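Below: the structure, in structure tokens.
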Amino acid sequence: KVLILDFGSQVTQLIARRVREAAVYCEIHPNDVSDEFVKSFAPKAIILSGSHASTYEDHELRAPQAVWDAGVPVLGICYGMQTMAVQLGGKVEWSDHREFGYAEVRAHGHTSLLKDIADFTTAEGHGMLKVWMSHGDKVTALPEGFKLMASTPSCPIAGMANEEKGYYAVQFHPEVTHTLQGQALLHRFVREIAGCKGDWIMGDYIEEAVAKIREQVGDEEVILGLSGGVDSSVAAALIHRAIGDQLTCVFVDHGLLRLNEGDMVMEMFEGKLHAKVIRVQAEDLFLGQLAGVTDPEKKRKIIGGLFVDVFKAEAEKLKAGNQGHKGATFLAQGTIYPDVVESGGTKTKKATTIKSHHNVGGLPEQLGLKLLEPLRELFKDEVRALGVALGLPPEMVYRHPFPGPGLGVRILGEVKKDYADLLRRADAIFIEELRNHRDEATGKTWYELTSQAFTVFLPVKSVGVMGDGRTYDYVVALRAVQTSDFMTADWAELPYALLKKTSGRIINEVRGINRVTYDVSSKPPATIEWE
Ligand code: XMP
Numbered sequence: 005k006v007l008i009l010d011f012g013s014q015v016t017q018l019i020a021r022r023v024r025e026a027a028v029y030c031e032i033h034p035n036d037v038s039d040e041f042v043k044s045f046a047p048k049a050i051i052l053s054g055s056h057a058s059t060y061e062d063h064e065l066r067a068p069q070a071v072w073d074a075g076v077p078v079l080g081i082c083y084g085m086q087t088m089a090v091q092l093g094g095k096v097e098w099s100d101h102r103e104f105g106y107a108e109v110r111a112h113g114h115t116s117l118l119k120d121i122a123d124f125t126t127a128e129g130h131g132m133l134k135v136w137m138s139h140g141d142k143v144t145a146l147p148e149g150f151k152l153m154a155s156t157p158s159c160p161i162a163g164m165a166n167e168e169k170g171y172y173a174v175q176f177h178p179e180v181t182h183t184l185q186g187q188a189l190l191h192r193f194v195r196e197i198a199g200c201k202g203d204w205i206m207g208d209y210i211e212e213a214v215a216k217i218r219e220q221v222g223d224e225e226v227i228l229g230l231s232g233g234v235d236s237s238v239a240a241a242l243i244h245r246a247i248g249d250q251l252t253c254v255f256v257d258h259g260l261l262r263l264n265e266g267d268m269v270m271e272m273f274e275g276k277l278h279a280k281v282i283r284v285q286a287e288d289l290f291l292g293q294l295a296g297v298t299d300p301e302k303k304r305k306i307i308g309g310l311f312v313d314v315f316k317a318e319a320e321k322l323k324a325g326n327q328g329h330k331g332a333t334f335l336a337q338g339t340i341y342p343d344v345v346e347s348g349g350t351k352t353k354k355a356t357t358i359k360s361h362h363n364v365g366g367l368p369e370q371l372g373l374k375l376l377e378p379l380r381e382l383f384k385d386e387v388r389a390l391g392v393a394l395g396l397p398p399e400m401v402y403r404h405p406f407p408g409p410g411l412g413v414r415i416l417g418e419v420k421k422d423y424a425d426l427l428r429r430a431d432a433i434f435i436e437e438l439r440n441h442r443d444e445a446t447g448k449t450w451y452e453l454t455s456q457a458f459t460v461f462l463p464v465k466s467v468g469v470m471g472d473g474r475t476y477d478y479v480v481a482l483r484a485v486q487t488s489d490f491m492t493a494d495w496a497e498l499p500y501a502l503l504k505k506t507s508g509r510i511i512n513e514v515r516g517i518n519r520v521t522y523d524v525s526s527k528p529p530a531t532i533e534w535e
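Residues 5 to 535 (the UniProt record's numbering) are what the sequence shown spells out, left to right.
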């Protein structure tokens, strides 16, 4: 196994992710763990991470001495390279002038780490790497026994190695995808240089995670808010695998879910997994409070606020315990790694805050419950792979994202039960057709080829004809977008045949809707949702 020491970089988890991609087990720990810890961990290799943007103030952070006494390969990345240099007798020039972004690095000599790894070769025959740099300080003198491994004009020592000891260091970030050969480099380090076997799979992750959950929870009881979304579903399945009936899921059905969604969640978790699930039927409560409210942000506040109230009330009951139950002491959440970074709360608390809107920690504190977050270190695609490995159906695990306020923000203006019922049926048809139509070139369904697709209910009526009569019915808009980060998005060029089939079916099968439109706006300036 590989030990990653975290000096507080925003991208330390990406190192872990790349190591897992090389099928090698790894763990991230803070840079200031004890020498005893490093010894007992018995790593086959150690990786020293970068540090956050203002390395300058923190340049006294060091790796434990045991790292250098362990007799295993060590890879220093960015700040990790600088601390390696300082600790082994080289020199670092501390500066607050930053070099940031794309760079081309010349790979020198033939160290086993970079041998034959290059993006292009210059006219003089130098192997060059396209990399991503983010640093101010730099190494200005190699420690004894090291040779130069890489350089750029502005950073003459951009890589160094002491091959005898198995020490390698790079100033750039191999863990980010902008460094094209980054994965090749990390793969080579852990598999070839350190000799890790590469036999780690998601199935092993389940065993490790299950053991950790059991250890953390002991014989106590856990509550989890199940929404039917990917993260909470995978967390529920994993925790249930670990502690069975010590877990109770609370599923707040706010009446703004997709067609049959509530039943499907119950069937999966109660029916198939035999987990304990409390389904709180709160449709009347939510729709009652939403009556007459048209402002999107107000609707969001009402839905979010009620959700917390309803969940809290259930949690309080479970906390109090009842016959045979001593009461829950843990609240489990499906927090995944991107949520942790966005709310500025990485394990070592060193990464600087980017966004604070997730408020990952609020609810458990209010409830007086301890937190259990078994997916905290995983990326979305890893969470999905874990879900499949746990036996959740791929349709559930690979579902498009669905906003917390649900159909509440897909019915423009006031939310009414009739509208929600019409929208649910129309949306189910659209999604079904997206799954039915395949793109010939890729063989993928249009559901797979889009990042998010849904139907929006427009509370306006338009004229139509049906049979001999005139109709005066509602309009829906279909929305399908392609995006990698949901910050920008393009409308999907769905085949006309798919649109035709969808609109024909909606108008024929959903009485009350007589017109279907397709949204051809990209984000920006439009947003993905209509509210
Ligand atoms: P927009 O509409 O801002 O959406 O382009 C970007 C992504 O965020 C989702 N979204 C929400 N998710 N609560 C959520 O949990 C919300 O209030 C909310 N509003 C938008 C949207 O579905 C898309 O994936």
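Ideal placement from N, C-alpha and C gives every residue a C-beta, glycine not left out. Predicted model, so just to flag it, every value in this text is computed and none were measured.
Rounded to the nearest angstrom, what separates residue i and residue j at their Cα positions?
i, j, result
"LYS119", "ALA501", "51 Å"
"PHE406", "GLN86", "43 Å"
"LEU367", "ALA286", "20 Å"
"PRO409", "GLU196", "49 Å"
"THR16", "LYS216", "21 Å"
"LEU79", "ALA46", "16 Å"
"PRO324", "GLY331", "The displayed chain sequence assigns Ala, not Pro, to residue 324. The straight-line gap from Cα to Cα measures roughly 5 Å."
"LEU453", "THR506", "17 Å"
"residue 536", "PHE334", "The shown model of the chain, from 5 to 535, leaves out residue 536, and the question about it has no answer."
"PRO147", "VAL76", "18 Å"
"ALA213", "VAL96", "40 Å"
"TRP204", "ILE51", "18 Å"
"ASP223", "ALA246", "11 Å"
"ALA162", "MET206", "34 Å"
"MET400", "PHE124", "42 Å"
"THR339", "GLU40", "31 Å"
"GLU535", "THR492", "16 Å"
"SER237", "ARG24", "22 Å"
"LEU230", "ALA240", "7 Å"
"SER55", "ILE282", "44 Å"
"ILE8", "SER525", "44 Å"
"GLY266", "PHE290", "15 Å"
"GLN185", "LYS305", "45 Å"
Any chance the CB of residue i is under 6 Å from a heavy atom of the ligand XMP?
i, result
"THR531", "yes"
"PRO407", "yes"
"ARG304", "yes"
"LYS374", "no"
"LYS527", "yes"
"PHE490", "yes"
For residue i, which residues of its own chain have a beta-carbon under 6 Å away from its beta-carbon, when the five flanking residues on both sides are left out?
i, result
"ALA424", "LEU411"
"ALA432", "LEU263"
"LYS353", "Low confidence applies here, because LYS353 scores a pLDDT of 39, under 50, leaving its location unreliable and the question unanswered by this model."
"PRO528", "none"
By Cβ distance below 8 Å, which residues in the same chain neighbour residue i in space, the five residues on each side in sequence not counted?
i, result
"GLU301", "none"
"SER116", "GLU167, ARG192, GLU196, ILE197"
"PHE490", "PRO405, SER455, GLN456, ILE532"
"GLN370", "LYS316"
"ARG21", "GLU179, PHE383, GLU386"
Could you tell me which residues DSSP puts in a beta bridge with residue i?
i, result
"TRP98", "Its beta-bridge partners do not exist; DSSP assigns none."
"SER138", "PHE104"
"PRO409", "In the DSSP output, where bridge partners are listed per residue, PRO409 has none listed."
"TYR172", "LEU79, ALA165"
If you reduce the DSSP assignment to three classes, tell me which class residue i lands in.
i, result
"GLU211", "helix"
"ASN518", "strand"
"TRP450", "helix"
"TRP532", "According to the sequence provided, residue 532 is Ile. The question's Trp does not apply to it. Reduced to three states, the DSSP call for ILE532 is coil."
"PRO397", "coil"
"MET153", "strand"
"GLY84", "helix"
"HIS33", "strand"
"ARG474", "strand"
"THR459", "strand"
"ALA481", "strand"
"VAL109", "strand"
"ARG304", "helix"
"ASN166", "strand"
Who are the near neighbours of residue i in its chain, counting only those whose CB is closer than 7 Å to its CB and skipping five residues on each side?
i, result
"TYR476", "LYS465, VAL467"
"ALA107", "VAL135, MET137, THR156, PHE176"
"LYS303", "LEU294, VAL297, PRO409, GLY412, VAL413, VAL419"
"ASP523", "ALA481, LEU482, ARG483, TRP495"
"ALA393", "MET206, GLY207, ILE210"
Sorry if obvious, but does the Cβ on residue i come closer than 6 Å to a heavy atom of the ligand MG?
i, result
"PHE104", "The ligand MG is absent from the structure shown, which contains only the ligand XMP."
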